[in-house]
Structure formats: C-alpha cells, structure tokens
Amino acid sequence: MATKKKRKEFITSFSIIFILIYLLGAVTYILPEAKFASDAIVNGSGVVRATLPDVLMAPLKGFEDAIDVCIFVLILGGFLAIVARSKALETGIQVLVKKLKGNELALIPILMFIFSIGGTTYGMLEETVGFYALLAAAMVIAGMDTIVSSAIVLLGAGSGVLGSTINPFAVGAAISALPDNIKVNQGVIIAIGTILWLSSLLISIIFVMNYAKKVIKKKGSTILSLRERKEMEMEYGAAAAKKEENVKLTKKQVITLWLFGLTFLVMIVGFIPWGDFGITIFDNFTGWLTGSPLGTWYFYEAAVWFLIMSVVIGLVNRTGEKQFVDTFIDGADDMVGVILIIAIARGASVLMKSTYLDNYIIYNATELLRVVPAGVFAPLNYILHVILSVLVPSSSALVSLSAPIIGPLTSQIGYSTEVSVMTMVAANGLVNLITPTCGAIMGGLALAKVQYSTWVKWAGKVVLTIAIANIVILTLLMILL
Numbered sequence: 001m002a003t004k005k006k007r008k009e010f011i012t013s014f015s016i017i018f019i020l021i022y023l024l025g026a027v028t029y030i031l032p033e034a035k036f037a038s039d040a041i042v043n044g045s046g047v048v049r050a051t052l053p054d055v056l057m058a059p060l061k062g063f064e065d066a067i068d069v070c071i072f073v074l075i076l077g078g079f080l081a082i083v084a085r086s087k088a089l090e091t092g093i094q095v096l097v098k099k100l101k102g103n104e105l106a107l108i109p110i111l112m113f114i115f116s117i118g119g120t121t122y123g124m125l126e127e128t129v130g131f132y133a134l135l136a137a138a139m140v141i142a143g144m145d146t147i148v149s150s151a152i153v154l155l156g157a158g159s160g161v162l163g164s165t166i167n168p169f170a171v172g173a174a175i176s177a178l179p180d181n182i183k184v185n186q187g188v189i190i191a192i193g194t195i196l197w198l199s200s201l202l203i204s205i206i207f208v209m210n211y212a213k214k215v216i217k218k219k220g221s222t223i224l225s226l227r228e229r230k231e232m233e234m235e236y237g238a239a240a241a242k243k244e245e246n247v248k249l250t251k252k253q254v255i256t257l258w259l260f261g262l263t264f265l266v267m268i269v270g271f272i273p274w275g276d277f278g279i280t281i282f283d284n285f286t287g288w289l290t291g292s293p294l295g296t297w298y299f300y301e302a303a304v305w306f307l308i309m310s311v312v313i314g315l316v317n318r319t320g321e322k323q324f325v326d327t328f329i330d331g332a333d334d335m336v337g338v339i340l341i342i343a344i345a346r347g348a349s350v351l352m353k354s355t356y357l358d359n360y361i362i363y364n365a366t367e368l369l370r371v372v373p374a375g376v377f378a379p380l381n382y383i384l385h386v387i388l389s390v391l392v393p394s395s396s397a398l399v400s401l402s403a404p405i406i407g408p409l410t411s412q413i414g415y416s417t418e419v420s421v422m423t424m425v426a427a428n429g430l431v432n433l434i435t436p437t438c439g440a441i442m443g444g445l446a447l448a449k450v451q452y453s454t455w456v457k458w459a460g461k462v463v464l465t466i467a468i469a470n471i472v473i474l475t476l477l478m479i480l481l
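Oh and the sequence shown: position 187 is 187 in my numbering, straight run, nothing missing.
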C-alpha cells in the first residue's frame with residue numbers, strides 16, 4: 001500500500017529571525033576588529049565583536065526599539081475585535097462582494113493604487129498591519145485567498161515606498177543627510193520616484209491579478225499549504241460560507257462602518273507630515289486630543305485614537321462594560337504573536353548598530369564603487385543597498401547611514417546624485433517587500449495566516465522582476481543624467 005508523501009514543513013518566522021541574528025553575531029568574528037568604537041564609526045576600519053549577551057539580548061532589546069509599534073498593534077487588536085463583534089465588517093464585505101457580481105477582481109488594482117499613494121507620499125508600511133486581516137476576509141469571501149489580500153497590501157504600499165516621491169522618511173531623510181555642499185534637484189527626484197513607483201506597481205498588479213484569476217477558477221491552484229488553508233478557513237471561512245445569503249446592513253452596522261473608515265482616515269492624515277509640504281492648516285486646532293497636531297502623529301498618538309474610537313463604536317452598538325473589556329482584551333491577546341514577531345525582527349537592527357557592522361559594509365563598499373563606470377555604478381550601488389536593507393530595514397536609518405558617504409562619492413566622480421539617492425530608496429523599498437527583518441511584513445503575514453516561507457515562494461518572482469526593472473531604469477538614468 002503506497003503511503004502519501006508528507007509535505008515538508010518549513011521553519012517558522014521566529015526561527016528564521018533568530019538564525020539571522022545569530023549569524024550576524026558570528027560574522028563580527030570573521031571581519032576585522034576595530035581597536036576603538038570610534039574607528040568603526042569614522043572610517044569603517046572594523047567592527048565591534050558581538051558578545052554572547054549582545055546576541056542573546058538583541059531580540060529582547062528589539063521590544064524597546066519597537067515599543068511604539070507594539071503598543072499600536074496591541075490597541076489595534078482590541079479595536080478590530082470591538083468592530084468584529086458588531087459584525088459590521090463581515091456583513092459589509094458580503095454586501096460589497098454581492099454588488100460586484102463577479103467583478104471582484106476590479107478591487108485589486110484599485111486598492112493597490114490607493115495603498116501605493118500612501119507609500120509614495122509618506123512611506124505607509126507599518127501602518128498597513130491592520131488592513132491584512134480586513135482584506136483577508138474580503139478576498140476569501142470573493143473566492144480568492146490570503147496570498148492575494150497580503151499582496152494587495154504589501155505590494156501596493158511597498159511599490160509606493162519603493163518609488164517614494166515626497167516621502168519624508170526616505171527621500172526627505174536622504175536629502176537632509178547629504179553634506180551641505182551637495183545640492184539636489186527635487187523635481188528630478190520626484191520624476192525618478194514616479195517612474196519607479198508606477199512601473200513597480202504595474203508589475204505587481206499584473207502578478208496579483210494573474211494569480212487571483214487562477215485561484216478563482218480553480219481553488220487547488222492556491223500556493224497555500226494544507227495547514228495554511230485550514231487556518232484560513234478557520235479564521236475567515238465562516239463569512240465566506242454565508243456569502244450567498246441575502247445579507248443586509250443594519251443602521252448600527254452602517255454607522256459602525258463609517259466610524260471604522262473615519263478611524264483609519266484620521267490616522268492616515270495624522271501620519272502625513274503636512275508641515276514638510278508647507279501645509280499648516282492642522283497646526284493650531286488638531287492637537288487637543290493627543291497633544292500632537294495632525295501631521296506630527298506617530299504610533300503612540302494613533303494608539304490613543306484607536307482606543308477612543310473603540311469606545312465610541314462600543315457605545316454605538318450598546319456594548320456593555322464587561323462585554324467591551326472582555327472583547328477588547330481578547331482582541332489584544334490575538335495580537336501577541338504579531339507583536340513578538342515585530343519586536344524580534346527589530347533585534348537584527350539592534351545588533352547591527354551595536355557592532356557597527358552596518359558602517360563597516362558601507363565604508364568598504366564605496367572603495368569598489370569609486371572606480372566603476374556609470375553603467376556599472378548604478379547596479380552595484382543598488383545591490384549594495386539591497387544587502388544593507390536586509391540588515392537595516394528602516395528607510396530613514398539606512399539613508400542616514402549611507403547618504404553622507406555615497407552622496408559625496410557620487411558627486412566627486414561626476415554622476416547624478418539624484419539617481420544615487422533614489423537608488424538607496426528603491427533598494428530599501430524592494431527589500432521591504434520580502435525581508436524577515438521587516439516587522440510590518442512578519443506581523444501582517446501572521447494576521448493573514450500566511451507563513452513567511454510561503455510568501456517568499458510566491459513573491460520571489462515578483463520581487464525579482466521589480467528588481468530587474470529598477471536596475472534597468474536607474475542604470476539608464478545614471479548614464480543619461
């Protein structure tokens with residue numbers, strides 16, 4: 001009697017991150033050791049070797065480094081649970097899918113474009129975590145799977161971040177990190193960013209649409225493992241099973257949906273740094289709630305806002321005090337795994353900073369870049385920042401580290417500083433579509449019930465295609481400008 005071949009299980013996201021941290025610690029013993037920490041900072045002559053406590057403490061210190069995001073995600077979990085209790089989202093999604101009448105695929109390019117606008121303008125990435133669960137329910141009801149919902153959020157917002165035009169956390173941080181004697185043309189920056197943004201978005205939409213069509217046509221074509229499918233069905237399948245029912249929103253559910261949309265809209269407006277664009281309309285009258293006006297918010301302010309709106313939605317649905325507290329706590333509890341992943345992923349960056357491994361790589365790579373022609377400079381610069389971005393996923397941290405070194409080098413050898421700046425931004429954005437050191441990816445995939453290994457298997461071709469397109473575009477621009 002033939003036995004079924006058991007499908008090989010890949011290691012979990014937690015193990016992947018821990019292995020990476022341990023490898024980084026080991027690398028510091030292979031590279032030259034700096035006699036003084038100041039040498040590692042100033043000239044990249046070596047690294048500070050990681051001690052055993054450094055390596056073991058790095059994941060825990062990741063909590064300290066990511067505490068604001070963790071608190072936001074915790075409150076977000078409670079908020080989503082209060083909304084879910086009203087069944088407003090579940091019913092609303094069913095009504096929407098019914099109205100689309102077989103045109104559900106139209107949601108994909110529309111939603112991806114909307115997310116990409118947030119990415120290109122203010123670097124919307126970690127703020128998207130809450131949308132993974134919401135869109136997972138919508139796509140499952142529409143006959144697709146959670147790979148599609150994850151791709152809509154991650155590739156949509158990620159394409160925008162990759163092609164940042166006015167994103168202050170990427171482009172703005174890079175320009176401000178350049179020495180005062182190096183000037184860049186902001187118009188050229190925006191033009192390059194737009195080309196990268198729209199080309200990457202188009203590639204992403206094509207891949208997601210093609211995959212979604214296959215899943216709708218034949219459920220067995222999903223890339224999800226049997227285990228992931230079971231988890232998806234347990235989490236989102238109940239709503240999908242009822243999609244044919246004659247559902248209708250109640251007045252309370254309609255109000256809840258409007259409040260739900262308002263909550264995320266205000267959060268997005270709060271995160272956009274309006275002052276950097278010369279817009280001061282929010283400065284004088286929007287700080288009374290959190291102490292910070294809209295446009296200067298970050299995760300603590302967003303957490304306060306979501307907590308307040310949880311109470312408001314609870315009151316609208318006449319949720320009792322005990323029911324509210326129990327529901328909110330259960331929702332927060334569901335986010336513990338997501339929070340652990342986000343915090344531990346930050347541990348890699350913490351170890352990089354403490355050992356100055358990031359400095360060592362960037363200083364020594366510039367020596368190679370100094371002697372190559374423009375047609376080679378751009379691809380090598382891109383690859384360098386892809387490597388650095390795996391270790392330093394934060395765009396502002398990466399460009400603050402790299403721009404003061406790469407910027408002057410590019411200017412000295414007569415190449416376009418604008419292209420060089422966008423090379424850093426694009427490479428970092430590419431890596432944040434797939435790297436395990438990005439908390440937003442790991443947390444979002446955990447919510448969508450998608451294993452990291454499955455995401456890599458599916459997204460690998462998309463990311464590689466985007467990378468090739470980026471390199472071609474940047475190389476041509478470096479030669480022409």
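Beta carbons: idealized from backbone N, C-alpha and C, even for Gly.
- V456 has its alpha-carbon roughly 23 Å from the corresponding atom of P379.
- Approximately 6 Å separates the beta-carbon atoms of A427 and S389; this is inside 8 Å, confirming the contact.
- In the DSSP assignment, A427 falls within the alpha helix (DSSP H) that extends over 417-431.
- Assignment of alpha helix (DSSP H) within the stretch 341-424, counting only whole runs of 4 or more residues, yields 357-369, 374-391, 395-412 in chain order.
- Under DSSP, V47 forms a beta bridge with E33.
- The Cβ neighbour count for D358, taken over all protein chains shown within 10 Å, is at least 16; the residue is labelled buried.
- Nearest in C-alpha terms to P293, of all of L315, V386, V266, G314, is V266.
- In the displayed model, N167 falls within coil according to three-state DSSP, outside both helix and strand.
- For L125, the closest alpha carbon among the candidates D145, L60, A151, G261 is that of A151.
- Every alpha helix (DSSP H) stretch that sits fully inside the stretch 146-198 and reaches 4 residues is listed by chain position as 146-162, 173-177.
- E418 sits buried, since 16 or more C-beta atoms from the chains shown fall within 10 Å of its C-beta.
- Within its own chain, the residues whose Cβ lies closer than 8 Å to the Cβ of N185, once the five positions on either side in sequence are excluded, are E418, listed in chain order.
- Closest in C-alpha terms to T454, from the list T222, V376, L477, comes T222.
- Residues of the same chain with a CB within less than 7 Å of the CB of F72, apart from the 5 flanking positions on each side, are F299, A302, A303 in chain order.
- According to the DSSP assignment, T435 belongs to no alpha helix (DSSP H), since it is labelled neither H nor E.
- An exposed status is given to N103, since fewer than 16 other beta-carbon atoms sit within 10 Å of its beta-carbon.
- Rounded to whole angstroms, the Cβ separation of G78 and S310 is 6 Å, and the two are in contact under 8 Å.
- Looking at I362, I342, I479, the one whose alpha-carbon comes closest to that of I16 is I342.
- With a cutoff of 8 Å on beta-carbon distance, V161 and G429 are scored as near each other.
- In the three-state reduction of the DSSP assignment, P273 falls in the coil class.
- C-alpha of P408 to C-alpha of V215: approximately 49 Å in a straight line.
- Pairwise C-beta distances place the stretch 106-126 out of contact with the stretch 176-191, as fewer than three of them are shorter than 8 Å.
- In this structure, the alpha-carbon of A212 lies about 22 Å from that of T91.
- In this structure, the straight-line span from the alpha carbon of G275 to that of A136 is close to 35 Å.
- Note on geometry: alpha-carbon atoms of I268 and P32 lie some 45 Å from one another.
- Counting C-beta pairs with one atom in each stretch, the stretch 59-72 and the stretch 338-353 have three or more that are closer than 8 Å, which means they touch.
- The beta carbon of A58 sits closer than 6 Å to those of I21, G347, V350, L351, all from its chain and outside the five residues before and after it, given in chain order.
- L74 sits close to I339, with the two beta carbons spaced by under 8 Å.
- T28 and A50 have their C-alpha atoms some 6 Å from each other.
- Annotation: M478 to A157 spans about 26 Å, alpha carbon to alpha carbon.
- Under the three-state reduction of DSSP output, F260 falls in the helix class.
- N210 and S402 have their C-alpha atoms some 37 Å from each other.
- Shortest Cα-Cα distance from F306 to any of S400, I141, I82 involves I82.
- For E228, the enclosing alpha helix (DSSP H) covers residues 226-232.
- Apart from the 5 residues on each side of it in sequence, F324 sits with its Cβ closer than 6 Å to the Cβ of G314 in its chain, given in chain order.
- The three-state reading of DSSP puts D65 in helix, counting H, G and I together.
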